[in-house]
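K.L.:
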Amino acid sequence: MKFVYLFVSLLLFSATLICQTDSAASNETSPPPDQEIYLSGGLAYTYLPYEFSKYWNPGMNAGVGYGLSFTPGDYGYSSIMFLAEYANFGLKESAFREGMNITNTAKIISGGKTQSFTVTANYKGTLTTSKTSIAPYFTIGIGYMLFQSDSVLVDNVGTLSIEGEAISTITWSFGVGVDIPVNEMFAGYVQAKSVIGAFDRPRQYFPITAGLRLRF
725 MKFVYLFVSL LLFSATLICQ TDSAASNETS PPPDQEIYLS GGLAYTYLPY
775 EFSKYWNPGM NAGVGYGLSF TPGDYGYSSI MFLAEYANFG LKESAFREGM
825 NITNTAKIIS GGKTQSFTVT ANYKGTLTTS KTSIAPYFTI GIGYMLFQSD
875 SVLVDNVGTL SIEGEAISTI TWSFGVGVDI PVNEMFAGYV QAKSVIGAFD
925 RPRQYFPITA GLRLRF
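According to the working numbering, the sequence shown is numbered sequentially starting from 725.
1. Starting from the Cα of Tyr847, find the closest Cα among Thr827, Met805 and Pro860 and give me that residue.
2. Which runs of the beta strand (DSSP E) spanning at least 3 residues fall entirely within the segment 753 to 777, listed in chain order?
3. Can you list, in chain order, the residues of its chain whose CB lies under 7 Å from that of Val878, leaving out five sequence neighbours each side?
4. Going by alpha carbons, who is nearest to Gln915 out of Ala934, Pro926 and Phe923?
5. Hey, how far is the Cα of Gly791 from the Cα of Met824?
6. In whole angstroms, what separates the C-alpha of Phe871 from that of Thr770?
7. Taking the beta carbon of Pro905 as the centre, do at least 16 other beta carbons fall within 10 Å, making it buried, or is it exposed?
8. Assign Arg685 to one of three DSSP states: helix, strand, or coil.
9. Enumerate in chain order the residues of its own chain whose CB-to-CB distance from Ala749 is below 6 Å, with the five nearest sequence positions on each side excluded.
10. State the CB to CB distance for the pair Ala768 and Pro931, rounded to an integer number of angstroms; the pair is presumed to be in contact (CB under 8 Å).
11. Work out the CA separation of Asp903 and Gly765 for me, nearest whole Å.
12. Ordered along the chain, which non-local residues of its own chain (more than five positions away) have a Cβ less than 6 Å from that of Ser840?
13. Taking Tyr779 as the reference, which of Ala859, Tyr861 and Thr838 has the closest Cα?
14. Less than 8 Å separating the beta-carbons of Lys816 and Asn785?
15. Rounding to the nearest angstrom, what Cα-Cα distance links Leu763 and Ala808 in this structure?
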């Protein structure tokens, strides 16, 4: 956990440097920010709570977003992004049977589909002075999460093993990635980040995605 706090502190410090250089650049005559559209897809890996990582498989993650990117400064340039993302996870039946000591293979396990919907506002700091260069970046986001899971049934006759839920809360995220511009308008990117739902028992997963960005 100390590593996480240190990592986030480093991202915030880097964001401060980039914002300061953006501010200095904005004091001069500069063009308006570029508008950007994002599309992404990939896999999300379960982590917290413990049973989430033990009994559920990695799942699909997809997202869409809109943002503004500003004039580069001495250390890089800033972007503000608004993202909507969806992830789903299927039950890992073999691990569930073992963990719940369901040794009778004739018993049918059903249900357990889990989904996460997030809507977040994000700061992105790209560490390059040129918007057409391949460059690393980091993101920090905060927003809303809706986390839904179906009940897990044994023998499909109403014998309840894990009760379903639908809960919502504040979510925050941080991540790193690499921008790979094709030209001034189009770019690809790869990204890994942590998404945390601030429930009594936090929900956490790690989306690893690839995406396309359109700038205009």
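C-beta atoms are modelled at their ideal positions from N, C-alpha and C, and glycine is treated no differently.
All of these numbers come straight from a predicted model, not from anything done at the bench.
P.N.:
Reading from the atomic positions:
1. By 1-based counting over the sequence shown, the position of residue 847 is 123. The shortest C-alpha separation from Tyr847 is found at Met805.
2. 758 to 772
3. Position 154 of the sequence shown, counted from the start, is the residue given in the question as residue 878. So the qualifying residues of the chain are Ile826, Lys831, Ile833 and Ser885.
4. Residue 915 sits at position 191 when you count from the first residue of the sequence shown. Of the listed residues, the one whose Cα sits closest to Gln915 is Ala934.
5. Residue mapping note: residue 791 aligns to position 67 of the sequence shown, counting from 1. Residue mapping note: residue 824 aligns to position 100 of the sequence shown, counting from 1. Straight-line Cα distance between these residues: approximately 45 Å.
6. Along the sequence shown, one-based indexing puts residue 871 at 147. Along the sequence shown, one-based indexing puts residue 770 at 46. Spanning the two alpha carbons is a distance of roughly 13 Å.
7. Here the question's residue 905 lines up with position 181 in the sequence shown. It is buried - the Cβ of Pro905 has at least 16 other Cβ atoms within 10 Å.
8. Given that the chain is displayed from residue 725 to residue 940, the structure contains no residue 685 and the question cannot be resolved.
9. Residue 749 sits at position 25 when you count from the first residue of the sequence shown. Confidence in Ala749 is poor, its pLDDT being 47 and thus under 50, which makes the residue's placement too unreliable to answer from.
10. Against the sequence shown, residue 768 aligns to sequence position 44. Against the sequence shown, residue 931 aligns to sequence position 207. Ala768 to Pro931, Cβ: 4 Å. Contact.
11. Position 41 of the sequence shown holds residue 765. Position 179 of the sequence shown holds residue 903. Rounded to whole angstroms, Gly765 to Asp903 spans 15 Å at the Cα level.
12. As a working note, residue 840 is residue 116 in the sequence shown. Here the set comprises Ala811 and Phe871.
13. The residue you call residue 779 lines up with position 55 of the sequence shown. Minimum Cα distance to Tyr779 is reached at Thr838.
14. By one-based count along the sequence shown, residue 816 stands at place 92. By one-based count along the sequence shown, residue 785 stands at place 61. It is not a contact, given that the beta carbons lie outside the stated cut-off.
15. Position 39 of the sequence shown, counting from 1, holds the residue named residue 763. Position 84 of the sequence shown, counting from 1, holds the residue named residue 808. For Leu763 and Ala808, the distance between alpha carbons rounds to 10 Å.
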